[in-house]
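Report on the following structure.
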């Protein structure tokens, strides 16, 4: 993995480009102003100088960060940074001088007669500007990296809280089933194996298709305990099956429905799952069980609420208390955060 201090993102390059351009234009305008020359020529020369310095800086920094610095001790980094920052300003100035000569762009007489001295001077100035930019980028990267580690740590903690009682209940049910129907017990044991294999994947996000497949295994295993009284109806078009959702998100709502929904007056607990595509992607989980008594979320739903926010800028809401209906809203999912 690349050292955090050597990582430069696209937005950092854009910022460096703006600083190089601004630095060169201000330096040029000030010089032209002192001798009362046209500012238009100063801006043209300064812009060209800034672009040339940026191009050399980008080439040198990219090469250093990818091929040289990772192989060297940090004690040599400063020396190389000074050398290559100086070269960026020095060579950028020389290239600007020759381009101005080729395209007949006006140059100050003092600069034209002493361009090598000015190239050395701008080279040293470039190093000081580069040193400030390096500290800025380093601090920005460290802040972002710390925030990312905090999010990943929080996510892992939340995922470790997922209810383990299902596994214990399933194993107990399978032990009882072995004495009643050995073939059915074997089939359910295979379902449990597939469920656990899918659950143990490191990704914190699943495709909706994988999530639903694992949900069907979960309900099949729960039906061993509940004598096939759980009916799962899924009405989702194929075009939505590749949508990403946080792992266990739908399962947790189904688990919640099974835990709180069974009513003695109902022979079956019917759970309906369907989706809607509005501005965001919405998943609905509805059941015909007991009405919801408390609107306040318990530990499981609070856990899901936090994972949705971290992973997909999403949220969960209770849409109907009488006919228990929960809605998961999926925003833009972040595939870079995982539980691995």
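In this note's numbering, the protein residues as written are 11 to 350.
Ideal Cβ positions, reconstructed from N, Cα and C, are used throughout, including at glycine.
| query | result |
| --- | --- |
| Note down, one range per segment and in chain order, each beta strand (DSSP E) of at least 3 residues found wholly within the segment 192-260. | 215-217, 240-245, 254-256 |
| By Cβ distance below 8 Å, which residues in the same chain neighbour residue 199 in space, the five residues on each side in sequence not counted? | 184 |
| For residue 330, which beta-bridge partners are listed by DSSP? | 335 |
| Just to confirm my understanding: we take residue 339, look at its own chain, exclude 5 residues before and 5 after, and list those with CB closer than 7 Å. What are they? | 290, 292, 324, 325 |
| Quick one, are the C-beta atoms of residue 179 and residue 235 less than 8 Å apart? | yes |
| Which residues share a DSSP beta bridge with residue 285? | 293 |
| Throw me the rounded Cβ distance for the residue 331 and residue 279 pair, which I believe falls under 8 Å. | With 8 Å as the limit, residue 331 and residue 279 do not qualify as a contact, their Cβ atoms being about 17 Å apart. |
| Note down the Cα distance separating residue 341 from residue 322, rounded to an integer number of angstroms. | 5 Å |
| Kindly indicate the opening and closing residues of the alpha helix (DSSP H) around residue 315. | 309-322 |
| Within its chain, find whatever has a CB closer than 6 Å to the CB of residue 241; leave out the 5 residues flanking it on each side and keep chain order. | 278, 280 |
| DSSP three-state label for residue 132, please. | helix |
| Could you name the residues of the same chain whose beta carbon sits closer than 8 Å to that of residue 87, not counting the 5 residues immediately before and after it, in chain order? | 79 |
| For residue 19, is the classification buried or exposed, using 16 other Cβ atoms within 10 angstroms of its Cβ as the cut-off for buried? | exposed |
| In this structure, does DSSP put residue 26 in helix, strand or coil? | helix |
| Give a yes or no on whether the C-beta atoms belonging to residue 250 and residue 285 are separated by under 8 Å. | yes |
| Can you tell me the Cα-Cα spacing of residue 149 and residue 131, whole angstroms? | 28 Å |
| CA-CA distance, residue 220 and residue 207? | 12 Å |
| Between residue 264 and residue 225, which are expected to be in contact by the criterion C-beta below 8 Å, what is the C-beta distance as a whole number of angstroms? | 6 Å |
| Does DSSP classify residue 279 as helix, strand or coil? | strand |
| On the CB-based measure, 16 or more other CB atoms within 10 Å of its CB, does residue 163 come out buried or exposed? | With a pLDDT of 48 at residue 163, under the threshold of 50, the modelled position of that residue is not reliable, and no figure is offered here. |
| Look up residue 325 in the DSSP assignment and give the residues it is bridged to. | 339 |
| Quick check on DSSP: helix, strand or coil for residue 189? | helix |
| What's the C-alpha gap between residue 62 and residue 139? | 15 Å |
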